[in-house]
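Numbering (my numbering), first residue to last: 784 to 1145.
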Ligand code: NAD
Ligand code: GLY
């Protein structure tokens, strides 16, 4: 069986992403091909583990690996140094050495945390991403951002550390909760809006299939999303400039998450609101037409994503957007869509002007 593959080209840190439907059973042989070591710790949580740990374990055992399971609690609130310490404790107790590797089996929380454990344990051991949410399949499993949260903020502790392979099975999305799934579609739409007009049209024309989790359509859409992300990461692995395009919709999206205490919206939902506002702002600045804005809003609403900003005052939004000193001193770097499928990044000195375009403030 030949799996569809793309390569993230980063010289000696290059790695393959395999795409398939119902082929978790091939994970073991793919890991064996990469010569990652003999012993493996699979990091997962009870929700994902209940569905997918056994097939993953069987596949790894059949390929000759000695498999250990590390189960951490489910939830963003556990993406912290306490859980990370528990992971290190297990790795040490299992006697994992430099000839061992980690498999991250789960969504972005597991991928980020297991990846960071791999980056730091014994100064770095190989790791493999097996992303099981749509967000993790199209975004977090590719590109090597790993880390944990700190009580003072999200993802404040981390490392750029690339996986050795990514195995994406879109069939695992069948068990994902609807809101989580739709939230992943927001990140997918982002690639179309700022990087690929043809992909935007593909999503627009295939909304029903995407909503129905049609496997053939998903396979094509996830693969295109990863190819677009890979191309950005290949040019700017450490976010010196270009990679910031992946933050389209995130400036206002993050503010929405902060203001609502991370309780009201999933990340992708907040990003959808941020993208809707970014589209309006881009039009108002002359980067795109009203037709372009209409198309963005229409796609997001067909994908059942929220578009409206929750009601907070201009000063609350400004505080949430400008929380770090860098923004306050130097102006805000904002990602605009240029028509559909292209982008520009520019510094905005007056954040209240952006907010007025979105209907916040006089
Ligand atoms: P998540 O990992 O919390 O998963 C969401 C929920 O879905 C969890 O309850 C999980 O147990 C469950 N789940 C996962 N796969 C499932 C499946 N196949 N079937 C049933 N349930 C399943 O959330 P997420 O949205 O995947 O990831 C969010 C995290 O990703 C955040 O911590 C964010 O900071 C991080 N992130 C990282 C990057 C990056 O580049 N590294 C990019 C974007 C987001
Ligand atoms: N999710 C944004 C990035 O990987 O840069």
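Glycine included, C-beta positions come from ideal geometry on N, C-alpha and C.
Residue 816: member of the alpha helix (DSSP H) spanning 810–817, first to last residue.
Residues 965 of the same chain have their beta carbon placed closer than 6 Å to that of residue 1087, with the five preceding and five following residues left out of the count. Residue 1143 and residue 1137 have their C-alpha atoms spaced approximately 9 Å apart. When rounded, the separation of the alpha-carbon atoms in residue 887 and residue 792 is 21 Å.
The count of Cβ pairs closer than 8 Å, one atom from the region 927–941 and one from the region 950–959, stays below three, leaving the stretches out of contact. Residue 949 sits in a strand when the DSSP states are folded into three classes. DSSP places residue 806 in the coil class of the three-state scheme, outside both helix and strand.
Of the heavy atoms belonging to the ligand GLY, none sits nearer than 7 Å to the Cβ of residue 1007. Going by C-alpha positions, residue 850 is about 55 Å away from residue 1068. Residue 857 sits close to residue 829, with the two beta carbons spaced by under 8 Å. Boundaries of the alpha helix (DSSP H) harbouring residue 993: 990–994, taken from the DSSP string. Residue 912 carries a strand assignment under DSSP once its states are collapsed to helix, strand and coil. Between residue 1048 and residue 918, the alpha-carbon positions lie close to 15 Å from each other.
One alpha carbon belongs to residue 810, the other to residue 842, and they sit about 6 Å apart. Residue pairing of residue 1050 in beta bridges, as defined by DSSP: absent, with no partner found. Taking non-hydrogen atoms of the ligand GLY into account, the C-beta of residue 928 is found less than 7 Å away from one of them. Residue state for residue 975 is assigned as helix, using DSSP reduced to three classes. Taking the C-beta atoms as reference points, residue 980 is found nearer than 8 Å to residue 1123. By the neighbour-count definition (other C-beta atoms within 10 Å, threshold 16), residue 806 is a buried residue.
For residue 898, no beta strand (DSSP E) segment is defined; the enclosing uninterrupted segment is the alpha helix (DSSP H) at 891–903.
Comparing C-alpha distances from residue 789 to each of 975, 795, 802 shows the shortest one belongs to 802. Note that the C-beta distance between residue 859 and residue 827 is not below 8 Å. Beyond the five residues adjoining it in sequence on each side, residue 1061 comes within less than 8 Å, by CB distance, of 1031, 1032, 1034, 1035, 1117, 1118, 1119, 1120 in the same chain, given in chain order. In terms of side-chain proximity, the C-beta atom of residue 1022 is found nearer than 7 Å to a non-hydrogen atom of the ligand GLY. Cβ contact annotation for residue 1057 (same chain, cutoff 7 Å, sequence separation greater than five): 1032, 1033, 1034, 1035, 1036, 1039, in chain order. The C-beta separation of residue 904 from residue 871 comes to about 6 Å, placing the pair in contact by the 8 Å criterion.
Residue burial annotation: residue 821 is exposed, with fewer than 16 other C-beta atoms found within 10 angstroms of its C-beta.
The Cβ atoms of residue 1055 and residue 1090 lie closer than 8 Å to each other. Secondary structure at residue 1139: helix, using DSSP grouped into helix, strand and coil. The C-beta of residue 875 has fewer than 16 other C-beta atoms within 10 Å across all chains shown, which makes the residue exposed. With 16 or more other Cβ atoms from the protein chains shown falling within 10 Å of its own Cβ, residue 1092 counts as buried.
In the DSSP assignment, residue 832 falls within the unbroken alpha helix (DSSP H) covering 829–845. Less than 8 Å divides the Cβ of residue 798 from the Cβ of residue 949.
Taking 7 Å as the cut-off, the C-beta of residue 922 counts as close to a heavy atom of the ligand GLY.
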